[in-house]
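Protein chains in written order, with the working numbering: chain U, 2 to 320; chain C, 29 to 383; chain V, 773 to 1073.
Don't be surprised by glycine CBs; every beta carbon is placed ideally from N, CA and C.
It should be emphasised that the depicted structure is a prediction, and the values quoted were computed from it without experimental measurement.
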Amino acid sequence: MLRYTLKRLAAGAAMLIALSMLVFILLRLAPGDPVDAYIDPMVKMSAADMARLRAELGLDKPLPVQYLIWLRDVLHGDFGRSLQRTGEPVLALIGSRIGPTLLLMLSGFGIAIIFGLIAGVVSAVKRGSVRDGTLLAVAAVGVSSPAFLTALIGLYLFSVVLHWAPSGGMLTPAMPFSLHDLLSHLILPALILAFYQSALVTRYMRSSMLEVLTQDYIRTARAKGVRENRIVSHHAVRNALLPVVTLIGSTLGLAVGGAIFIESVFNWPGMGLLLVNAVELRDYPVIMGSTLVIGAWVIVMNIATDLVYAVIDPRVKVS
Amino acid sequence: MLHMTDMTEARPAPQTASGPSAEPTLRVRGLTTVFRIGRREMPAIENVDLEIAPGETLALVGESGSGKSITSLSVLRLLPGAISRIGGGEVSFRDREGRVRDLVSAGGEEMRRLRGNHIGTVFQEPMSCLNPVHRIGDQIAEPLILHLGLSRRAAFERVVELLAAMGIPDPARRARQYPHELSGGMSQRATIAMALACDPVLLIADEPTTALDVTTQAQILRLLQDLQKTHGMAMLFVTHNFGVVAEIAHRVAVMYAGHVVEQGRVADVFRHPRHPYTRGLMTCVPQPGDALALRRAGQALPTIQGSVPSITDRPPGCPFAPRCALAVDACRAAVPAMEDTGDGHLSRCIRWSEM
Amino acid sequence: MTDLNVETAIAPAPRRKVARRGPIVRALGRFGANRYAMTGLAVFGLTLAAVVLMPFVWKDPNGIDLLAINKPPGAGHPLGTDGIGRDVLARLLAGGRVSLLVAGVSTLLSTALGFFIGALAPFGGRFADAAIMRVVDLAMTLPPVILLLVLASITGPGIVPTIAVISLLSWPLLSRMVRSRLLELRERDFIIFARGAGAGPWHLVMRHGLPNTIDILVVYATLQVANAILLEAGLSFLGLGVPPPAASWGNMLNAARSTVVLQSYPWQWMFAGGAIVLTVVCINLIGDGLRDAFDPRADLE
């Protein structure tokens, strides 16, 4: 198990390095001289000054060398500085945003997985019933509704019309921290994130369950006189979970995309908001740093998925 | 063929089935199962009559699509209710305590208590019949815990005994393994152990050896025979292989297009088939040497002209009439009744006496 | 024991004449019988017709009515007006045009890109194949929106950059599917035969690859239209896609990022949101219908 984990981690690290190369090259392709970002347009600079600055920043070296320098700095924990006035280190910026994002995503996923799995099982077992139809319809709307729209509608409905939830942010400003305050801000964006995710999980689980319920071993269980409830809970669900775990893993990784819009609508101070603002201002070091962190998250989710899979499927040999 | 019929004769008839007083374990009368296809309802099997005494093996033989598996699943009431229903007839089953129940009118819960307890079942494809995520031992223990109320520990001990009785070496280790760690033959032994765990009075074996290689087939058949002798249970053995019929069964029922067309003792049916379909099969089934001789002579294997009618376009009369050399107008008018040709040898052919 | 098998004793069934139709015709027949897919097709057709034809007869999407600013739906402006007095219905229709144009063009581009990359990979030798597939893996590691943002930060906003960004982003999944289908095919006899007969890769890809992957392409392209609509809307919503004053469904939603609009003038964004969901649901129904119709297992029923 340990060796398997290490192997997967090494592959993930290689992936991350390749990813950093891709993003580095892409951002260097951006129009405009990167050195412009470092100079104040109000101050007039001579060509010699420009050349000196370029050399100082290492921008006169060939691209691969620039990449290696950048990589060396990153490995030393130096992601560069934001191009904004404040010039904060990128690592500090990311560090302050990663907690809120994890909080939002994990609570959203938690709700989505629990709800989606249950709904998928119910829907498959009661196939063709009114309950199945309702769940399917809701799930169809769920997977077709983009996060920015459900976020807007959720905000409008529960905050503006019903006044059930605060209109954004993570904490009430100028108030001492309280868990209640945090949760009241968290619940709406987390539920909205969960809406799309649970719709996906419901569909995956339903079709996987339907497939499993036609298997010979389910008929064997019936021939043994096993109760229907136990057939579902003991014989079907675990088998149905196998393919779903992989799908859940990859969607959870990719769900950062949806989280960006939700953070943006709810003004949730997370990675998504950081990235969107950085893109608007073309703050390349921040884009680079947050892209890498998000890529790392996706890769870690994929590895976690493989490990969970190895645990629940006895056929996977991990030793 | 002869060497095989000899074998059948050599097998002693079950003592319990010999006297006329012996109550059958399973008596099927006029069983009809209907499938819903689109908006229409089609009978998949019609008017099936079967009887199996304790200690007796009845082979149900036929091509795929003849309704033999539908028959066994109807008896077990395991057909999906969404697409099928039992259209008529009765299935009387004498349970271990000697009570006779009608399985057609039995409720779901009553059936559940019978299955795996009084009625054991073995299916084709042992690999896919075992749940891949549970240990072999746990799967065999399930009916013991469920029906007999054994503790987990007691059930496990019983599982090890059962596996040993199935001829599985190192049973305690095997019980802790997962299905993917077992070979095909080993898996089938495990599913047989599962079917026999609660000591059923009826074993339904639906093509239990079809998916296995020839050597393993022979071993599993011998195992089933031995087990039947020691347990004295009735066995309904579904197969499409006449060699297997000769090997294991006392009596045979031949199915064609949803009907039982001939039924009788294996020796009688093999020696004097009283239905053109059975006779056709007898001449078609090659002897080991025949196929080679025919190929050398440049001749094809003998076959019956035409093909089995599908469930949606069965003819109104005798289902075999379109392919039958003996067919007359009366055959096409109505499905012939089952007639006794003597000594319990039944045929659903109006011209049986001319054969 | 000898295998005296009843099955082998029966002559291979001489099938009654079944009308011999091509697999594509049969698939389209099944598609036509799918109620959900046909409903989706009908509603999508109506939307498309409205978006293409209505701007000719309805108001100018950029025409400003200073007497009607932030007017709720009512006479003269059935869906109300926005903050500078533009007619919301006119903008919705014009926006639909832009959204569907972006989606349509980027789908064509990414389908072509995905097909050729996926088709050339197996024919282009082992090294090219491995290299291409690593790039595909890489591109699929990041959530699409993230790559979209990175690319958008390079290109800047605009209709053409938006199309380019969405096309560049969407091909990897398709090329992976095309590649695995063609790898299966390559082992089959007729391709080996064609290769033996001296066919070049171009001929192989167009004459054998295209007809054999047409089902994948059709289903992918359909679902990709929905995907592209969502990507465009997402980008424009963040202000990184189609820039004003041109309307698109996404940048109409962008207005709702202002709390005042969100709270007080819901008609300015809700209709655009509704249009997106309706269109995407319809296209997904069509795509699912096509996928089921092309499923080879459907023939077995």
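Enclosing beta strand (DSSP E) for residue i [first to last residue]
i        : result
Leu86/C  : Thr85 to Val89
Arg122/C : Ser112 to Arg122
Leu54/C  : Leu54 to Ile65
Val128/C : Val128 to Asp130
Contact with chain C by residue i, beta-carbon distance below 8 Å
i        : result
Lys127/U : no
Ala224/U : yes
Val277/U : no
Val321/U : Limits of chain U in this structure are 2 at one end and 320 at the other, which puts residue 321/U out of reach.
Residue i at chain U interface by Cβ criterion, 8 Å
i         : result
Leu191/C  : no
Pro63/C   : The sequence given here has Phe at residue 63/C, not Pro. So, not an interface residue.
Thr149/C  : yes
Ala1018/V : no
Ser947/V  : no
Ser49/C   : Note that Ser49/C scores a pLDDT of 43, beneath 50, so its modelled location is shaky; the value from the coordinates is reported in the next line. No, because no Cβ of chain U sits closer than 8 Å to the Cβ of Ser49/C.
Leu107/C  : no
Trp1041/V : yes
Phe1009/V : yes
Gly1045/V : yes
Val797/V  : no
Pro1015/V : no
Leu158/C  : yes
Met214/C  : no
For residue i, the residue or residues it bridges with in DSSP
i         : result
Arg284/C  : It should be pointed out that residue 284/C corresponds to Tyr in this sequence rather than to Arg. Beta-bridge pairing links Tyr284/C to His287/C.
Arg279/C  : Leu86/C and Arg293/C
Glu153/C  : Its beta-bridge partners do not exist; DSSP assigns none.
Gly867/V  : Looking at the DSSP assignment, Gly867/V forms no beta bridge with any residue, so it has no partner.
Leu264/C  : Leu86/C and Ile232/C
His849/V  : Gly846/V
Arg68/C   : Ile65/C
Ile196/C  : Its beta-bridge partners do not exist; DSSP assigns none.
Gly148/C  : Leu231/C
Pro347/C  : Per DSSP, none; premise fails for Pro347/C.
Asp859/V  : Thr853/V
Asn1023/V : Beta-bridge pairing links Asn1023/V to no other residue.
Pro90/U   : Arg82/U
Ile119/U  : Paired residue(s): none; Ile119/U is not in a bridge.
Ala1060/V : It should be noted that the sequence gives Asp, not Ala, for residue 1060/V. DSSP lists no partner for Asp1060/V.
Delimiting residues of the alpha helix (DSSP H) encompassing residue i
i         : result
Asn240/U  : Val238 to Leu255
Asp909/V  : Arg898 to Ala911
Gly1107/V : Because chain V spans 773 through 1073 in this model, residue 1107/V falls outside it and cannot be assessed.
Tyr68/U   : Leu64 to Leu76
Lys257/C  : Val242 to His259
Ile232/U  : Counting along the chain, Ile232/U falls outside any alpha helix (DSSP H), and DSSP gives it neither H nor E.
Residue-level contact to chain V via CB, residue i, 8 Å cutoff
i        : result
Ser320/U : Here the model assigns Ser320/U a pLDDT of 43, short of 50, so the residue's position is not dependable, and the following value carries that caveat. No - not a single Cβ of chain V is within 8 Å of the one on Ser320/U.
Glu281/U : yes
Tyr5/U   : no
Ser168/U : yes
Ile288/U : yes
The stretch 267-275 of chain C / the stretch 236-256 of chain C touching (three or more Cβ pairs under 8 Å): yes
Interface residues of the stretch 293-311 of chain U facing chain C [CB-CB below 7 Å]: So the list is empty, because no residue satisfies the distance condition.
The stretch 908-920 of chain V touching the stretch 252-259 of chain U, judged by at least three CB pairs closer than 8 Å: yes
Touch test, the stretch 153-165 of chain C against the stretch 88-101 of chain C, Cβ-Cβ under 8 Å, three pairs minimum: no
Under 8 Å (Cβ pairs) to chain U, residues found in the stretch 829-860 of chain V: none
Near-chain U residues of the stretch 254-275 of chain C (beta-carbon distance less than 7 Å), N- to C-terminal order: none
Proximal residues, the stretch 203-216 of chain U versus chain V, C-beta separation under 9 Å: The stretch 203-216 of chain U vs chain V, Cβ under 9 Å: nothing.
Near-chain U residues of the stretch 168-184 of chain C - C-beta to any C-beta below 9 Å: Listed by position along the chain: Glu170, Pro171, Leu174 and His175.
Any 3 or more C-beta pairs closer than 8 Å across the stretch 219-238 of chain U and the stretch 278-289 of chain U: With the cut-off at 8 Å, the stretch 219-238 of chain U and the stretch 278-289 of chain U do not touch.
Touching by the beta-carbon criterion (3+ pairs, under 8 Å), the stretch 144-160 of chain U and the stretch 228-240 of chain U: The stretch 144-160 of chain U vs the stretch 228-240 of chain U: no contact.
Cβ-based contacts, 9 Å cut-off: residues of the stretch 127-148 of chain U near chain V: Ala141, Val142, Val144, Ser145, Ser146, Pro147 and Ala148
The stretch 277-296 of chain C contacting the stretch 368-383 of chain C, beta-carbon criterion three pairs below 8 Å: yes
Near-chain U residues of the stretch 194-209 of chain C (beta-carbon distance less than 8 Å), N- to C-terminal order: Answer set for the stretch 194-209 of chain C: Tyr206 and His208.
Residues of the stretch 250-267 of chain U with Cβ closer than 8 Å to any Cβ of chain V, in chain order: Gly254, Leu255, Ala256, Val257, Gly258, Gly259, Ile261, Phe262, Ser265 and Val266
Members of the stretch 98-128 of chain C near chain U, C-beta cut-off 8 Å: Leu104, Leu106 and Ala110
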